[in-house]
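J.: Let me give you the structure first, and then I'll get to my questions.
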Amino acid sequence: MQFLADAGMAPINWRKSMQSQRSFQKTNQGSLFLVPTPIGNLQDMTYRAVQVLKDVDLIAAEDTRNTQKLLNHFEIETKQISFHEHNTVQRIPQLIEKLEDGISIAQVSDAGMPSISDPGKELVAKCVEKGITVVPLPGANAGLTGLIASGIVPQPFYFHGFLDRKNNLQLEELQKLTVHKETLIFYEAPHRLKKTLENMVSVFGGEHQAVLARELTKKYEEFLRGTLDELNDWAHNDQVRGEFVIIVAGFEQTNPQTDSTKDLPVNEQIDRLIEDGMTVNGAIKQVAKQQGLNRQEVYRQYHEI
């Protein structure tokens, strides 16, 4: 499990035999409840979510100060403990010990669904490994909320979340996504939106259809529907505020940008991708895959080995 390795933890030792969980069967252990929180509008909190937060023994919150505002609004007095991306390694063993001792815990992120571009997945994985009951609650999710009102075909869809912050790695990510026929869903912060849209225009093509969903469920909720060129122009000529969901239409069999270069010599195709910001090895891998060639042969040809 890559996410555990990234967090400095050992990969999950999955059980050899199938595991069955009956979520509401009584045991001597506590249960982990995954509780979605509103993405902007407090009225989106469900009755069940409020009740669970009142009933559990402890709330593991991404930001206890932010969650306290939610708890105060709904008159919830349950004690909190911080659980975020920077304390995952040391906090998980503590939470697991509490669960094994019979303490029930609700895990929340600052907004939306735990584990979806937010903390939670490592704790869930460790609970599954230990046979601790994990109970998910339905609730608000920015990606799906934006998708269903985008006007772009809603399914099948591919949820990517946040792109890499490093420009060359982001370009590589986007290039790999051009093989997807599914509608693509991304998250982006306001201060990175302009560069991300520039890169999408570069890789996906300016005429590609997309939607920006801004400040979902809040007072200034806004949908901007058009081509990537149009959305990019808007971002560079207006004040970019609020959190964004980017919905991008899926692709046909081949990427339109690729069609214009596919008949060029292999080395020229690689050079074009490098000029667009990809690494040399990334470009070699991409061209080899597109042309159905052996990657090592393409590598040797490009480097004249």
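If you read the sequence shown in our numbering, its first letter stands for residue 1190, the second for the next number, and so on. Ideal Cβ placement from N, Cα and C applies to all residues, glycine included.
(1) Candidates Ser1339, Pro1345 and Ile1285: which alpha carbon is nearest glycine 1320's?
(2) Give a yes or no on whether 8 Å exceeds the smallest Cβ distance from threonine 1416 to chain D.
(3) Take the Cβ of asparagine 1230 as the centre, count every other Cβ of all protein chains shown within 10 Å, and call the residue buried at 16 or more, exposed below.
(4) Measuring straight from C-alpha to C-alpha, what distance separates phenylalanine 1393 and lysine 1474?
(5) Can you list the alpha helix (DSSP H) stretches of 4 or more residues lying completely in the region 1280-1312, in chain order?
(6) Could you pull out every residue in the same chain whose Cβ sits closer than 8 Å to the Cβ of leucine 1326, ignoring the five residues on either side in sequence?
(7) Does glycine 1415 come out as helix, strand or coil in the three-state DSSP assignment?
(8) Let's see if you can read the secondary structure: which residues bound the alpha helix (DSSP H) around glutamate 1464?
(9) By the 10 Å Cβ neighbour count, where 16 or more other Cβ atoms means buried, how is glutamine 1398 classified, buried or exposed?
(10) Got a sec, what are the start and stop residues for the beta strand (DSSP E) histidine 1349 sits in?
(11) Since tyrosine 1376 is in the beta strand (DSSP E), which residue starts that stretch and which ends it?
(12) Taking Cβ to Cβ, would you say isoleucine 1435 is nearer than 8 Å to isoleucine 1341?
(13) Take serine 1293 and list the residues in its own chain whose beta-carbon comes closer than 6 Å to its own, dropping the five residues that flank it on each side.
(14) Between the region 1360-1377 and the region 1330-1339, can you find at least three pairs of beta-carbon atoms closer than 8 Å?
(15) Ends of the beta strand (DSSP E) at glutamine 1398?
T.: Concretely, from the data shown:
(1) Ile1285
(2) Note that chain D does not occur in the displayed structure, where there is just one protein chain.
(3) exposed
(4) 18 Å
(5) none
(6) Result list for leucine 1326: Phe1222, Leu1223, Val1224, Pro1225, Thr1235, Arg1237, Ala1238 and Val1241, in chain order.
(7) strand
(8) 1455-1464
(9) Label assigned to glutamine 1398: buried.
(10) 1346-1351
(11) Residues 1372-1377.
(12) no
(13) Gly1219, Ser1220, Val1245 and Asp1246.
(14) yes
(15) 1398-1403
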